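FYI, in my numbering the residues of the sequence shown are 391 to 815.
We put the beta carbon where it would ideally sit given N, CA and C, even for glycine.
Here the structure is a predicted model, which means the values were calculated and not measured.
What follows is a set of notes on a single structure, which appears directly below.
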Amino acid sequence: MVLSSPRGTNDVFGEDIKYRDFIINSAKDLFRLFNYSEIITPAFEHTEVFDRGIGKSTDIVKKEMYTFTDKKGRSLTLRPEGTASVVRAIIEHKMYSEKIPVKLFYIGNMFRYERPQKGRMREFSQLGVEAAGVAEPFIDAEVIWILNSIFDRIGFRNLKLMINSVGCEKCRRDYIRVFKSYIKPEVESFCPDCKVRYDTNPLRIFDCKVEQCKKIIEGSPKIYQHICADCREHILKVCHYLEKMGINYFIKEELVRGFDYYTGTIFEIISDDLESVQNALGGGGRYDNLIAQFGGPPMPSIGFAIGIDRTILLMRQLNIKYLTKELKSAAYIALLSDKFYDTGLKVTKLLRENNIPCDISYKVRPLSSQIKTAVRDGFSHFIAIGDDEIKTGVFNVKNLEKHTQFKLNINDSSKNISAVFRSSL
Ligand code: AMP
């Protein structure tokens, strides 16, 4: 029997790793520019972290968590998202006592028991930021600026940035009353999930994909029209800064997000180009009460996460190439006889010590087939090891792209070896 990876999981290798590295490196460059530092949290947490953080009535907590009991009977859960863990870590390590805001970024695998389809996995990678301890709308716009810049640097041009406000606790409560009384006569026509949501988490009805439910709420009052004066002033300021930053956005009054912790500003970035139903590339929002709810000090905060796998899908679809930071020069060393392994080793060692990536043929094969392999695998340079080269210590290095060649004397100084390679690029 051939074993396969579990449903909804992927092996990431080959070209996808290059796309992934490119996305991560571009994002890391930006995080540095915006003064965020990295945090790595565990892949699993006490289940309570997510129950309390994300909210017990959300789809994620109710249906999608990988929860297990360990050998000591503790309930643990593979993280379905990054924010709750980061918040737990900020409080546990009292990061706020050093400086505020606490500005962190993370990169990691997330786990959700969802129905897999193109762009939707059970294990997927996200990268995200959390800025904790600032209430000013300026930071909302700045966080959105980072999100926007990540995709801009990758080369996406047709994305839509949607913004909304889900209000503070008070105005949301008032709105929910209005919304519930509007839809009350139709409750029996909702799908089974929305019937439950009506009682537990009515805002989530806006995320339902069932046509009948969508129709019922089409003309309903939207939260954006019902937020209080403070929440309105806040979101309008965010919009003002976004305009100053030259970032295109539009207000989407029915936008909601899958976590209960959000307050005020929320946002999502989508691509209509993504050839899958799953068109959201990233999203986030404010969570002004979460840190206090977890037992920390009052720390209004905001963050976002983007999906790395979906970003790769879109890059591939749009034929966007990754720029690699790898040294382009990579030499293929061909062995023409069994007795040349020692010299092969000497040459590879010398090149690697000089930061020139290289590989060796491992097996003795005819010269022509080795050249073919080197071209196929994208090597820029080719070095064959034969009797003459061993005698003189001088090797012909062929540049496979430019069809030129130069001589490499392995007894030369390191400086000269690097220089001679680099000048042939
Ligand atoms: P969320 O944490 O749900 O706000 O999602 C943030 C981003 O992560 C989304 O916009 C997607 O790009 C990505 N994402 C969320 N869920 C999945 C999934 N099941 N598979 C792949 N990517 C996902």
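By the 10 Å Cβ neighbour count, where 16 or more other Cβ atoms means buried, how is Val-628 classified, buried or exposed? The count along the sequence shown starts at 1 and reaches residue 628 at position 238. By the C-beta density criterion, Val-628 is buried, having at least 16 other C-beta atoms within 10 angstroms.
In chain order, what residues of the same chain have a beta carbon less than 8 Å from the beta carbon of Asp-662, not counting five sequence neighbours either side? Numbered from its first residue, the sequence shown carries residue 662 at position 272. Annotation for Asp-662: Asn-548, Lys-550, Asn-669 place their beta carbon closer than 8 Å to its own, counting only its chain and skipping 5 residues before and after.
For Thr-399, which of helix, strand or coil comes out of DSSP? By 1-based counting over the sequence shown, the position of residue 399 is 9. Three-state result, Thr-399: coil.
Where do the N-terminal and C-terminal ends of the alpha helix (DSSP H) with Arg-442 fall, by residue? Sequence index remark: in the sequence shown, residue 442 carries index 52 (1-based). Boundaries of the alpha helix (DSSP H) harbouring Arg-442: 437-444, taken from the DSSP string.
Can you have a look at Arg-594 and say buried or exposed, based on whether 16 or more other CB atoms are within 10 angstroms of its CB? By one-based count along the sequence shown, residue 594 stands at place 204. The residue in question, Arg-594, is buried, as its Cβ has 16 or more Cβ neighbours within 10 Å.
Excluding the five sequence neighbours on either side, which residues of its own chain have a C-beta within less than 6 Å of the C-beta of Val-477, listed in chain order? As a working note, residue 477 is residue 87 in the sequence shown. If we look at Val-477 and ignore the five residues flanking it on each side, its Cβ neighbours are Leu-680, Ile-681, Phe-684.
Does the Cβ of Gln-516 lie closer than 7 Å to at least one heavy atom of ligand 1? Residue mapping note: residue 516 aligns to position 126 of the sequence shown, counting from 1. Gln-516 Cβ: within cutoff of ligand 1.
Under 7 Å Cβ to Cβ from Met-485, same chain only, skipping five residues before and after it: list those, please. Here residue 485 refers to the residue found at position 95 when the sequence shown is read from its first residue. Taking C-beta separations shorter than 7 Å and ignoring five residues to either side along the sequence, the partners of Met-485 in its chain run Val-492, following chain order.
Going by alpha carbons, who is nearest to Ala-531 out of Tyr-631, His-616, Tyr-426? As a first step, residue 531 is located in the sequence shown; it is residue number 141 there, counting from the start. Checked all of Tyr-631, His-616, Tyr-426; the closest Cα to Ala-531 is Tyr-631.
Confirm the yes/no value for this check: CB of Asp-699, any heavy atom of ligand 1, distance under 7 Å. To locate residue 699, count along the sequence shown from 1; it is residue 309. The answer is yes for Asp-699.
Would you grab the beta carbon distance between Asp-650 and Gly-445 for me? Rounded to a whole angstrom, and I think it's under 8 Å. To locate residue 650, count along the sequence shown from 1; it is residue 260. To locate residue 445, count along the sequence shown from 1; it is residue 55. With 8 Å as the limit, Asp-650 and Gly-445 qualify as a contact, their Cβ atoms being about 3 Å apart.
When the cut-off is 8 Å and only beta carbons count, does Phe-730 lie next to chain B? In the structure shown, chain B does not exist; there is a single protein chain.
Using a Cβ distance threshold of 8 Å, determine whether the region 396-413 contacts the region 698-707, with at least three qualifying pairs required. Counting Cβ pairs under 8 Å, three or more are found: they touch.
How would you call Gln-516, buried or exposed, if buried means at least 16 neighbouring beta carbons within 10 angstroms? The residue labelled residue 516 in the question sits at position 126 within the sequence shown. Gln-516 should be labelled buried.
Endpoints, the beta strand (DSSP E) within which Glu-795 is located: Taking the sequence shown and counting its residues from 1, the one referred to as residue 795 is at position 405. Looking at the sequence shown, residue 795 is not Glu but Gln. Here the beta strand (DSSP E) through Gln-795 covers 794-799.
Would you grab the beta carbon distance between Gly-518 and Phe-694 for me? Rounded to a whole angstrom, and I think it's under 8 Å. Translated into the one-based positions of the sequence shown, residue 518 becomes position 128. Translated into the one-based positions of the sequence shown, residue 694 becomes position 304. 6 Å between Cβ atoms; contact.
Write down every uninterrupted run of the beta strand (DSSP E) in the region 466-514 whose length is 3 residues or greater and which is fully enclosed by it, in chain order. Counting only runs of 3 or more, we get 492-501.
Taking Gly-545 as the reference, give the member of Val-787, Val-533, Tyr-677, Leu-708 with the closest Cα. Position 155 of the sequence shown, counted from the start, is the residue given in the question as residue 545. Comparing Cα-Cα distances from Gly-545 to each of Val-787, Val-533, Tyr-677, Leu-708, the minimum goes to Leu-708.
N-terminal and C-terminal residue of the alpha helix (DSSP H) that Thr-448 is part of: As a first step, residue 448 must be located in the sequence shown, where it is residue number 58. No alpha helix (DSSP H) contains Thr-448, which DSSP labels as neither H nor E.
So what's Glu-665 in DSSP terms, helix, strand or just coil? For the purposes of this step, residue 665 is taken as the residue at position 275 of the sequence shown. Of the three classes helix, strand and coil, the one that applies to Glu-665 here is coil, per DSSP.
Backbone secondary structure at Ala-774 - three-state DSSP: In the sequence shown, counting from the first residue as 1, residue 774 sits at position 384. The answer is strand: DSSP assigns Ala-774 an E or B state.
Phe-769 versus Ala-720: straight-line alpha-carbon distance, rounded: The residue you call residue 769 lines up with position 379 of the sequence shown. The residue you call residue 720 lines up with position 330 of the sequence shown. Approximately 5 Å, taken between the alpha carbons.
Nearest to Ile-497 by CA position, among Arg-505, Lys-489, Thr-473, is which residue? Looking up residue 497 in the sequence shown gives position 107. Ranked by Cα distance from Ile-497, the options Arg-505, Lys-489, Thr-473 are led by Thr-473.
Taking the alpha carbon of Glu-405 as the reference point, which residue from Gln-615, Lys-753, Ile-710, Asp-728 has its own alpha carbon closest? Residue mapping note: residue 405 aligns to position 15 of the sequence shown, counting from 1. Ranking Gln-615, Lys-753, Ile-710, Asp-728 by Cα distance to Glu-405 puts Ile-710 first.
Rounded to a whole number of angstroms, what is the C-alpha to C-alpha distance between Leu-741 and Phe-796? Counted from its first residue, the sequence shown places residue 741 at position 351. Counted from its first residue, the sequence shown places residue 796 at position 406. Going by the C-alpha atoms only, they are around 15 Å apart.
Residues in the same chain with beta-carbon distance under 7 Å from Asp-460, minus the five sequence neighbours each way, listed in chain order, please. Stepping through the sequence shown from its first residue, residue 460 is reached at position 70. So the qualifying residues of the chain are Leu-466.
If you reduce the DSSP assignment to three classes, tell me which class Tyr-409 lands in. For the purposes of this step, residue 409 is identified with residue 19 of the sequence shown, where counting begins at 1. Helix at Tyr-409.
Does the structure place the region 522-537 close enough to the region 503-510 that three or more beta carbon pairs sit under 8 Å? The region 503-510 is not in contact with the region 522-537.
First and last residue of the beta strand (DSSP E) that includes Cys-621? Counting from 1 along the sequence shown, the entry for residue 621 is found at position 231. Under the DSSP assignment, Cys-621 falls outside any beta strand (DSSP E), being part of the alpha helix (DSSP H) whose first and last residues are 619-635.
I believe Cys-618 touches Cys-598 by the beta-carbon criterion, under 8 Å. Please report the beta-carbon distance rounded to the nearest angstrom. Position 228 of the sequence shown, counted from the first residue, corresponds to residue 618. Position 208 of the sequence shown, counted from the first residue, corresponds to residue 598. Taking a contact as a CB-CB distance under 8 Å, the pair Cys-618 and Cys-598 does not count as one, their CB atoms being some 26 Å apart.
Hey, could you find the ends of the alpha helix (DSSP H) Ser-539 is sitting in? Locating residue 539 in the sequence shown gives position 149, where the first residue counts as 1. The continuous alpha helix (DSSP H) containing Ser-539 extends over residues 527-544.
Short check: CB of Ala-522 to CB of Ile-480, under 8 Å? For the purposes of this step, residue 522 is taken as residue 132 along the sequence shown, with counting starting at 1. For the purposes of this step, residue 480 is taken as residue 90 along the sequence shown, with counting starting at 1. The answer is yes: Cβ separation under 8 Å.
In the region 731-778, which residue ranges form an unbroken alpha helix (DSSP H) of at least 4 residues, counting only runs that do not cross its ends? For the region 731-778, the continuous alpha helix (DSSP H) assignments of 4+ residues that do not extend past its boundaries occur at 731-743, 757-766, in sequence order.
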